[in-house]
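Shown next, in the form of structure tokens:
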């Protein structure tokens, strides 16, 4: 039987709020078994850019990453957010180790080709070094990923943290029974966006198609759910969507996705 | 017989200069055998602080590290400098992994007690996890340390990179035949500060005392040489001081220190 592994992604709004982050990291530290954390940096990068007088350019909610911006993201995601999370987890007896995709060549990517839009230094993932992660986990380390990959030619690349989480889960699924958790501000997929408790508890492939056709899954949930089913299609055991209480298993109000 | 290990510290002036950094990293990548790199961030932290309107306070050349400043150092040393070095080494076929002292609990420290001066969030090192470093080296990873330690209670601490390098060398000396390299802008310890080629090639304990009494070792070289002999007194095989050409062994003009 395969050993269990949890891959947990936290949303930017948790990173921005000191108390929420501490709560989350406590819940994460209590999670049993092997685990990997993935985080972005939320609005912290935009805030630093603003202070430095650098304009943040967004198209359809995606950041245009020029040379100055990739430096800011490296500072904020790879430095401030990542090292603070690592230091705080150490104080909670988790032997955390912070990684970008360049560290240990853990996430290989290529710069997104320019079509209609030039996204700049944005990475599309080619592969994850599951061998490295297996080795780190085997010596009791807990990898903490920021949202950076690299092109192998010396360039760091801004990379969507949801995608990093699903690609890591996929990369590990051949070795571990892998559960992917997307932790965010909502309790799960909501039937009625105005009712926080209208959580759809279970979604399988046919339910997913039904919710898509009814328009229940829309806007920001579309790429999120796409990532979830992409992971399930590639041997990830299950995907859970919900707020921090989902990790502590002291609520049954979250969404579980299975094929 | 013990396996050989090189611990290399690079000076801030190399980090600040893109071409010099590339030259250095090429020389480092050609260095045979197991190796560990330690770097600070030079003036980059001061530059970012200035841009953000935060005053850099120095006393006797040492930075006073308040809460805002430790965040800046975490961004610049732990983020920008560390991840760029790691990405560039990956392009030179070195499987680099960037670490602060919090990552893998690799460098344990305590906040320097306040006596005449309150240095703020500055760390004095208590120990190095040689077991972790041995494990990382054994899976073909090359650790790249920035100048940050942690207190185990969630706080990152600004820590002198020369001291980190010597403490790592000392921590590894029981397992490896360890050489400590201090790479800086000079060719070594100079007999005459105005003559770049007046390098003292070999310094042992008695020569060290002679140079100290003659005032040849003064100012910034005093703590540097103190670090070197502290390492030698604690089982480090030898210490070399010089510029980048020392690493390539294409010069004999550098200083070697042995007991």
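Residue numbers (full-length UniProt numbering), protein chains in the order written: chain G, 1 to 259; chain D, 1 to 259. Virtual Cβ for every residue (Gly too), placed ideally from N, Cα, C.
By how many angstroms is the C-alpha of residue 75/D removed from the C-alpha of residue 69/G? On the first chain, residue 69/G is found 69 positions in, with the first residue counted as 1. On the second chain, residue 75/D is found 75 positions in, with the first residue counted as 1. Residue 69/G and residue 75/D: Cα-Cα distance of roughly 14 Å.
Please report how far the alpha carbon of residue 57/G lies from the alpha carbon of residue 148/G, in whole angstroms. By 1-based counting over the first chain, the position of residue 57/G is 57. By 1-based counting over the first chain, the position of residue 148/G is 148. Approximately 18 Å, taken between the alpha carbons.
List the residues of chain B whose Cβ lies closer than 8 Å to the Cβ of residue 74/G, in chain order. In the structure shown, chain B cannot be found, because the protein chains are G and D.
Does the beta-carbon of residue 30/D have 16 or more other beta-carbons within 10 angstroms, so that it is buried, or is it exposed? Your numbering for residue 30/D matches position 30 in the second chain. Exposed.
Secondary structure at residue 149/D, three-state DSSP: helix, strand or coil? Numbered from its first residue, the second chain carries residue 149/D at position 149. In this structure, residue 149/D counts as strand in the three-state DSSP scheme.
Pop quiz: residue 178/D and residue 169/D are said to be a contact at Cβ under 8 Å. What is the actual Cβ separation, rounded to whole angstroms? The count along the second chain starts at 1 and reaches residue 178/D at position 178. The count along the second chain starts at 1 and reaches residue 169/D at position 169. Rounded, the Cβ-Cβ distance is 5 Å, consistent with contact.
Hey, would you say residue 64/D sits closer than 8 Å to residue 45/D, going by beta carbons? Counted from its first residue, the second chain places residue 64/D at position 64. Counted from its first residue, the second chain places residue 45/D at position 45. Going by C-beta atoms, residue 64/D is not nearer than 8 Å to residue 45/D.
Amino acids of chain D, ordered along the chain, whose beta-carbon sits closer than 8 Å to that of residue 202/G: The residue you call residue 202/G lines up with position 202 of the first chain. None at all; the shortest Cβ gap to chain D is about 38 Å.
Alpha carbon to alpha carbon, how far is residue 206/G from residue 299/D? Give it in angstroms, no decimals. Since the first residue of chain D shown is 1 and the last is 259, residue 299/D is not available in this structure.
So residue 90/D contacts chain G; which residues on that side make the cut at Cβ distance below 8 Å? In the second chain, the residue the question calls residue 90/D occupies position 90. Near residue 90/D (Cβ distances below 8 Å), the residues of chain G are 102, 105, 150, 152, 154.
Considering only C-alpha positions, which residue in the set 159/D, 88/D, 2/D, 12/D is nearest to residue 182/D? Along the second chain, one-based indexing puts residue 182/D at 182. For the residues 159/D, 88/D, 2/D, 12/D, the minimum Cα distance to residue 182/D belongs to 12/D.
Flag residue 235/G as yes if its beta-carbon sits less than 8 Å from any beta-carbon of chain D, otherwise no. Residue mapping note: residue 235/G aligns to position 235 of the first chain, counting from 1. For residue 235/G, the answer is no, since every Cβ of chain D falls outside 8 Å of its Cβ.
Using Cβ-Cβ distances below 7 Å, what residues of the stretch 22 to 52 of chain G are close to chain D? 51, 52
Cut-off 7 Å between Cβ atoms - residues of its own chain near residue 90/D, not counting five sequence neighbours on either side: The residue given as residue 90/D occupies position 90 in the second chain. Closer than 7 Å at Cβ, skipping near neighbours: 96.
Taking just the CA atoms, how far does residue 192/G sit from residue 240/G? Stepping through the first chain from its first residue, residue 240/G is reached at position 240. Stepping through the first chain from its first residue, residue 192/G is reached at position 192. Approximately 19 Å between the Cα atoms of the pair.
Out of 234/G, 190/G, 237/G, 221/G, point me to the one whose CA is closest to residue 254/G's CA. Locating residue 254/G in the first chain gives position 254, counting from the first residue. It is 190/G.
Which one of 7/G, 92/G, 39/G, 3/G has the shortest CA to CA distance from residue 26/G? For the purposes of this step, residue 26/G is taken as the residue at position 26 of the first chain. Comparing Cα-Cα distances from residue 26/G to each of 7/G, 92/G, 39/G, 3/G, the minimum goes to 92/G.
Using 8 Å as the threshold, is the C-beta distance between residue 140/G and residue 139/D below it? Numbered from 1 along the first chain, position 140 holds the residue referred to as residue 140/G. Numbered from 1 along the second chain, position 139 holds the residue referred to as residue 139/D. Going by C-beta atoms, residue 140/G is not nearer than 8 Å to residue 139/D.
On the CB-based measure, 16 or more other CB atoms within 10 Å of its CB, does residue 213/D come out buried or exposed? Locating residue 213/D in the second chain gives position 213, counting from the first residue. Counting Cβ neighbours within 10 Å, residue 213/D comes out exposed, since fewer than 16 surround it.
On the premise that residue 40/G lies in contact with residue 59/G, defined as a C-beta separation below 8 Å, what is that separation, rounded to the nearest angstrom? Numbered from 1 along the first chain, position 59 holds the residue referred to as residue 59/G. Numbered from 1 along the first chain, position 40 holds the residue referred to as residue 40/G. Actually they are not in contact, since the Cβ atoms of residue 59/G and residue 40/G sit about 18 Å apart, beyond 8 Å.
I believe residue 270/D touches residue 7/D by the beta-carbon criterion, under 8 Å. Please report the beta-carbon distance rounded to the nearest angstrom. Since the first residue of chain D shown is 1 and the last is 259, residue 270/D is not available in this structure.
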